[in-house]
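Written below as structure tokens is the structure these notes are about.
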Amino acid sequence: MITRRANLAASAALALLGAAFLAGGIGYGVFIDGGLVGPGFLPAAAGMALLVLALVDLVQHVLRIEGTDAVDDALYEGLVEDRPLTTDMLQTAPDVDIFGRDQRARTRQLIMVVVALIVAVALVPLIGLLVSLGLLMAFAAIVVERRSVVVSLIVTAVTVGFLYLVFVIVLGIPVPVGVLGGD
Amino acid sequence: MIDNLILGFQTAATPENLLWCFLGVFLGTVIGLLPGLGSTTGVAVLLPLTFAFEPVTALILLAGIYYGAQYGGTITSVLIATPGEAASVVTTIDGYQMARKGRGGAALAIAAIGSFIAAILSLALLMTLAPPLAQLAVRFGPAENLAIMILGLVIVITFQGGKLVRGAMMAMVGLLLAAVGVSTGFGEARFTFGDTNLLSGIPFVEVTIGLFALGEVLHQIRVGAAAPIKTSFREMMISGKDVRRSLPAILRGSGVGFVLGILPGAGSTLASFMAYGIERRVSRNKENFGRGAIEGVASPESANNAAANANFIPTLSLGIPGGATTAVLLGAFTIYGLQPGPLLFETQPALVWGLLVSFFIGNVVLLLLNLPLAPVFAQMLRVPYGYLYPVILLTSIIGAYAVSNNTFSIWIVLVFGIIGWIMKEIDLPMAPLVLGLVLGPLLEKALVQTSAAGAGNLGILFTSPISATMLALGAALVIAPVVIRRARARVAARRAAERQASSFIDS
Chain A
1 MITRRANLAA SAALALLGAA FLAGGIGYGV FIDGGLVGPG FLPAAAGMAL
51 LVLALVDLVQ HVLRIEGTDA VDDALYEGLV EDRPLTTDML QTAPDVDIFG
101 RDQRARTRQL IMVVVALIVA VALVPLIGLL VSLGLLMAFA AIVVERRSVV
151 VSLIVTAVTV GFLYLVFVIV LGIPVPVGVL GGD
Chain B
184 MIDNLILGFQ TAATPENLLW CFLGVFLGTV IGLLPGLGST TGVAVLLPLT
234 FAFEPVTALI LLAGIYYGAQ YGGTITSVLI ATPGEAASVV TTIDGYQMAR
284 KGRGGAALAI AAIGSFIAAI LSLALLMTLA PPLAQLAVRF GPAENLAIMI
334 LGLVIVITFQ GGKLVRGAMM AMVGLLLAAV GVSTGFGEAR FTFGDTNLLS
384 GIPFVEVTIG LFALGEVLHQ IRVGAAAPIK TSFREMMISG KDVRRSLPAI
434 LRGSGVGFVL GILPGAGSTL ASFMAYGIER RVSRNKENFG RGAIEGVASP
484 ESANNAAANA NFIPTLSLGI PGGATTAVLL GAFTIYGLQP GPLLFETQPA
534 LVWGLLVSFF IGNVVLLLLN LPLAPVFAQM LRVPYGYLYP VILLTSIIGA
584 YAVSNNTFSI WIVLVFGIIG WIMKEIDLPM APLVLGLVLG PLLEKALVQT
634 SAAGAGNLGI LFTSPISATM LALGAALVIA PVVIRRARAR VAARRAAERQ
684 ASSFIDS
């Protein structure tokens, strides 16, 4: 049910994106003097195509119509029975994985990682890139994954140190240091 | 040809290039076997590291990662039924069954041998076919170039393994993203909303890192982890019977892989599925398929390696990538200031032939590494994902920053990481998006030139025999699934009617 709603939302969003690029493309000029292709031609054409395709996809989802498979799918049907639809169908991890986490726990972890990522990137101008990424890594390992604090801190220090060596010392990339002076 | 090979060896066999070739295939193997990491992610994440290198050295390293990852992907397919690479998905069917029966080592060994034979055969063909194709393509005008690019997009849409409409949507999204920034041929800023960061467009390296690395990490967190099956050095021994059964499968797989790999847009995933399907039809051991048949590992593994090499034919000679990874490599060419396409063979012979020769060297290294060391590599699967993915996150983010020394790059990675995760969750294909993004500027350039050549009339696309043929081929590919499905339904109906008639006569 969630996937169906997500699919509907994605198709609607893509239709809007297509419409926006179509309108923008027309604004830039689809054709210029002499009937030549203008700067708006490609965005308008691809935008229109996206709008139409996304609407088709949306209608297919609403009416639960099976869309046309790609060529390879049509061929596979005859060649390989039980063809897995996605790689996930082959993954053997049951609902509870080897760390004893069920689907709900894993979704909670996912949300925590996404929020931590956004916070970490937002903190870059304040505390610097490497410090911010180090905190992100320690948070993911210790808080999200509940790994050993000592090992997590060692792994974080080694990783940040290695990245500093490669990117800052060897490649000479000036990473942002932040107003607090951290790297 | 001989002169070119000598030039290639002189370029590839320098100590520096040999070292990076070795490092590339080694890193590729490790990247391929880590759950959720594939060659596209590996190449995208490590691309920024190569900016300080000579272009040929950088490409040797990145190409090594590309085909090294094909080998690494097999290890996870066989031991934890989790393919690191989409091209290894089909190997899981029989490879994992072999591992469960204690023959995981033999599956890995035959995959390594099959991949090696396929690589050598396909490289010989690649070296033979790519230069004449490039010579032919040099004569192409804008209409032909535009038609080839349209055909490439159609192929990637029709061969991406999902619904046609969804593949086409993603290709359009790729083209639209490519339209952001100063337009090709007009110098006008489009869709930038006054943001100077967007003037140079949405950067494809950051988009690829976001979609493939971050998106995959987020997806893996939600999927959870499985326990790997142990394998040992002793298990890597294969019997004469294994070899006899596998050799025809390896040769057939190599042939199928090469033919499909040549198509711009079709990749090694398709090749591995087709090879498996054909093997299952023609093998004398067909009843064991799905239960641990060694041919079921040998054939798709040979096919995906042959296709990975054959992918370089359209990439190098036409400038049209064969799949997502070659699309990123194609983008890398432009970053190094090289113009991918047919002229590359004339303007950069040392680079092209050095790269091709490095494939030979890399595949020998891979065989030597993988036959004895696959069980050692497999130990990496025991590294807890809880430590692994934060490392991937950090490397991806700092790698993206290094592309243009700008925090904006990190935000792009973050946004496209979340988009990539959503795409994986609802099964929207990524390869058409990446191809659309990489081909967008080239396609628009060819479009503007074609329009100018025809004085505003794009109908010249249909007056050139080559471009008309390519467009007709593209149209046929779009219609093909409907025709195949209808033909199959007719055959099934006829068989059902025959069965009914014969049972009526019997009674």
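Protein sequences, first through last, are from chains A and B. Under our numbering, the residue at position 111 of the first sequence is numbered 111, and the numbers go up by one with no gaps. So the number in our numbering is just where the residue sits in the second sequence, counting from 1, plus 183. Glycine included, every Cβ here is placed at the ideal spot set by N, Cα and C.
Check your understanding: In the structure shown, what three-state DSSP assignment does arginine 373 of chain B receive?
Key -> In the second sequence, residue 373 of chain B corresponds to position 190, counting from 1. Arginine 373 of chain B: strand per DSSP, three-state reduction.
Exercise for review: Check each candidate in B:Leu230, B:Ile243, B:Ala235, B:Ile185 and name the one with the smallest Cα separation from threonine 197 of chain B.
Suggested key: One-based indexing of the second sequence puts residue 197 of chain B at position 14. Residue B:Ile243 is the option with its Cα nearest to threonine 197 of chain B.
Point to revise | Buried versus exposed call for proline 558 of chain B [16 or more other C-beta atoms within 10 Å across all chains shown] | key: Here the question's residue 558 of chain B lines up with position 375 in the second sequence. The residue is buried, with at least 16 neighbouring Cβ atoms inside 10 Å.
Check your understanding: What are the boundary residues of the alpha helix (DSSP H) that includes arginine 671 of chain B?
Key -> Here residue 671 of chain B refers to the residue found at position 488 of the second sequence. Counting along the chain, the alpha helix (DSSP H) containing arginine 671 of chain B begins and ends at 648-689.
Review point. Using a Cβ-Cβ cut-off of 8 Å (strictly less than) and excluding sequence neighbours within five positions of isoleucine 544 of chain B, which residues of its own chain qualify?
Key: For the purposes of this step, residue 544 of chain B is identified with residue 361 of the second sequence, where counting begins at 1. Only Ala195, Ala196, Leu201, Cys204 meet the Cβ criterion.
**Study point:** Neighbour list for glycine 221 of chain B in chain A, Cβ cutoff strictly below 7 Å
**Key:** By one-based count along the second sequence, residue 221 of chain B stands at place 38. Here the premise fails: no neighbours, minimum Cβ distance about 10 Å.
Check your understanding: Roughly how many angstroms lie between the CA atoms of isoleucine 581 of chain B and leucine 136 of chain A, to the nearest whole one?
Key -> Counting from 1 along the second sequence, the entry for residue 581 of chain B is found at position 398. Counting from 1 along the first sequence, the entry for residue 136 of chain A is found at position 136. The straight-line gap from Cα to Cα measures roughly 13 Å.
Check your understanding: To which residues does DSSP link phenylalanine 31 of chain A through a beta bridge?
Key -> Counting from one through the first sequence, the residue named residue 31 of chain A turns up at place 31. Answer is A:Val37, bridged to phenylalanine 31 of chain A.
Review point. Can you name, in chain order, every residue of its own chain whose Cβ lies under 6 Å from the Cβ of threonine 633 of chain B, other than the five neighbours on each side?
Key: Within the second sequence, numbered from 1, the residue matching residue 633 of chain B stands at position 450. Taking threonine 633 of chain B as the centre and dropping the five residues before and after it, the same chain places the C-beta of Pro325, Ala326, Leu329 closer than 6 Å to its C-beta, in chain order.
**Study point:** Neighbour list for alanine 54 of chain A in chain B, Cβ cutoff strictly below 8 Å
**Key:** As a first step, residue 54 of chain A must be located in the first sequence, where it is residue number 54. Within 8 Å Cβ-Cβ: Met352.
Check your understanding: Which same chain residues, not among the five before or five after leucine 699 of chain B, have their C-beta less than 7 Å away from its C-beta?
Key -> In the structure displayed, chain B extends from 184 to 690; residue 699 of chain B sits before or after that span and is not available.
**Study point:** Sub-9 Å separation of glycine 393 of chain B and valine 596 of chain B beta-carbons
**Key:** For the purposes of this step, residue 393 of chain B is identified with residue 210 of the second sequence, where counting begins at 1. For the purposes of this step, residue 596 of chain B is identified with residue 413 of the second sequence, where counting begins at 1. It is a contact, given that the beta carbons lie within the stated cut-off.
Point to revise | Residues from the segment 144-158 of chain A in contact with chain B, defined by Cβ distance under 7 Å | key: Glu145, Arg147, Val155
Check your understanding: Shortest alpha-carbon distance to tyrosine 572 of chain B belongs to which of B:Gln253, B:Ala295, B:Pro664, B:Gly398?
Key -> Counting from 1 along the second sequence, the entry for residue 572 of chain B is found at position 389. Per the Cα distances, B:Gly398.
Practice item. Kindly say whether alanine 12 of chain A, judged by its beta-carbon, lies nearer than 9 Å to any beta-carbon of chain B. Key: Stepping through the first sequence from its first residue, residue 12 of chain A is reached at position 12. So, not an interface residue.
Exercise for review: Return the first residue and the last residue of the alpha helix (DSSP H) that glutamate 399 of chain B is part of.
Suggested key: Counting from one through the second sequence, the residue named residue 399 of chain B turns up at place 216. Unbroken alpha helix (DSSP H) run through glutamate 399 of chain B: 398-406.
Review point. Is it the case that the Cβ atoms of arginine 390 of chain B and serine 579 of chain B are separated by a distance below 9 Å?
Key: The sequence position of residue 390 of chain B within the second sequence is 207, counting from 1. The sequence position of residue 579 of chain B within the second sequence is 396, counting from 1. The amino acid occupying residue 390 of chain B in the given sequence is valine; arginine does not appear at that position. No, the Cβ-Cβ distance between valine 390 of chain B and serine 579 of chain B is not below 9 Å.
Point to revise | Within 9 Å of chain B by C-beta, residues of the segment 109-130 of chain A in sequence order | key: Gln109, Leu110, Val113, Val114, Leu117, Ile118, Ala120, Val121, Val124, Pro125, Leu129, Leu130
Exercise for review: Compute the Euclidean distance between the alpha carbons of glycine 423 of chain B and alanine 583 of chain B, then round it to the nearest angstrom.
Suggested key: Within the second sequence, residue 423 of chain B is the residue found at index 240, counting from 1. Within the second sequence, residue 583 of chain B is the residue found at index 400, counting from 1. Each residue's alpha carbon lies about 49 Å from the other.
Point to revise | Extent of the continuous alpha helix (DSSP H) to which aspartate 425 of chain B belongs | key: Within the second sequence, the letter at position 242 stands for residue 425 of chain B. Segment 423-445, the alpha helix (DSSP H) holding aspartate 425 of chain B.
Check your understanding: Apart from the five residues on each side of it in sequence, which residues of its chain come closer than 7 Å, Cβ to Cβ, to threonine 86 of chain A?
Key -> Position 86 of the first sequence holds residue 86 of chain A. Residue confidence is low: threonine 86 of chain A scores 38 on pLDDT, short of 50, so the model does not pin down where it sits. Its coordinate-derived value is still stated next. Its chain contains no residue whose beta carbon lies nearer than 7 Å to that of threonine 86 of chain A once the 5 sequence neighbours on both sides are disregarded.
Exercise for review: Following the continuous alpha helix (DSSP H) through leucine 319 of chain B, name the residue where it begins and the one where it ends.
Suggested key: As a working mapping, residue 319 of chain B is identified with position 136 in the second sequence. Unbroken alpha helix (DSSP H) run through leucine 319 of chain B: 287-321.
Point to revise | Under 8 Å from the C-beta of alanine 6 of chain A: neighbouring residues of chain B | key: Locating residue 6 of chain A in the first sequence gives position 6, where the first residue counts as 1. Below the 8 Å Cβ cutoff, chain B contributes Ile605, Glu608, Ile609 as neighbours of alanine 6 of chain A, in chain order.
Exercise for review: Look at the alpha carbon of glutamate 608 of chain B and the alpha carbon of glycine 191 of chain B, and state the distance between them as a whole number of angstroms.
Suggested key: For the purposes of this step, residue 608 of chain B is taken as residue 425 along the second sequence, with counting starting at 1. For the purposes of this step, residue 191 of chain B is taken as residue 8 along the second sequence, with counting starting at 1. Approximately 44 Å, taken between the alpha carbons.
Practice item. Just mark glutamate 371 of chain B as buried or exposed, buried being the case when its beta carbon has 16 or more other beta carbons within 10 Å. Key: Sequence index remark: in the second sequence, residue 371 of chain B carries index 188 (1-based). Looking at its Cβ environment, which holds fewer than 16 other Cβ atoms inside 10 Å, glutamate 371 of chain B is exposed.
Review point. What first and last residue would you give for the alpha helix (DSSP H) that runs through isoleucine 163 of chain B?
Key: Residue numbering for chain B in the displayed model covers 184 to 690; residue 163 of chain B lies beyond these limits and cannot be assessed.
Check your understanding: Identify the residues that DSSP records as bridge partners of glycine 364 of chain B: which are they?
Key -> In the second sequence, the residue the question calls residue 364 of chain B occupies position 181. Beta-bridge partners assigned by DSSP to glycine 364 of chain B: B:Arg373.
Review point. Using the rule of at least 16 other Cβ atoms within 10 Å of the residue's Cβ for burial, across every protein chain shown, is glycine 161 of chain A buried or exposed?
Key: Here residue 161 of chain A corresponds to residue number 161 of the first sequence, with the count starting at 1. By the 10 Å Cβ count, glycine 161 of chain A comes out exposed.
Practice item. Can you pull the chain C residues whose beta carbon is under 8 Å from the beta carbon of leucine 136 of chain A, in chain order? Key: The chain labelled as chain C is not found among the protein chains of the depicted structure, namely A and B.
Review point. Can you list, in chain order, the residues of the segment 556-570 of chain B whose Cβ is nearer than 9 Å to any Cβ on chain A?
Key: Pro567, Tyr568, Gly569, Tyr570
Review point. Hey, alanine 295 of chain B and tyrosine 254 of chain B: beta-carbon distance below 9 Å or not?
Key: Numbered from its first residue, the second sequence carries residue 295 of chain B at position 112. Numbered from its first residue, the second sequence carries residue 254 of chain B at position 71. Closer than 9 Å, so yes.
Review point. In this structure, does DSSP put valine 177 of chain A in helix, strand or coil?
Key: Stepping through the first sequence from its first residue, residue 177 of chain A is reached at position 177. Correct three-state label for valine 177 of chain A: coil.
Check your understanding: Roughly how many angstroms separate the alpha carbons of glycine 642 of chain B and valine 339 of chain B, rounded to a whole number?
Key -> Walking along the second sequence from the start, residue 642 of chain B turns up at place 459. Walking along the second sequence from the start, residue 339 of chain B turns up at place 156. Roughly 24 Å between the two C-alpha positions.
Review point. Going by the CB atoms, is the gap between isoleucine 331 of chain B and leucine 501 of chain B shorter than 9 Å?
Key: One-based indexing of the second sequence puts residue 501 of chain B at position 318. One-based indexing of the second sequence puts residue 331 of chain B at position 148. For leucine 501 of chain B and isoleucine 331 of chain B, yes; Cβs fall inside 9 Å.
Practice item. State yes or no: is the beta carbon of alanine 141 of chain A nearer than 9 Å to at least one beta carbon in chain B? Key: For the purposes of this step, residue 141 of chain A is identified with residue 141 of the first sequence, where counting begins at 1. So yes, alanine 141 of chain A belongs to the interface.
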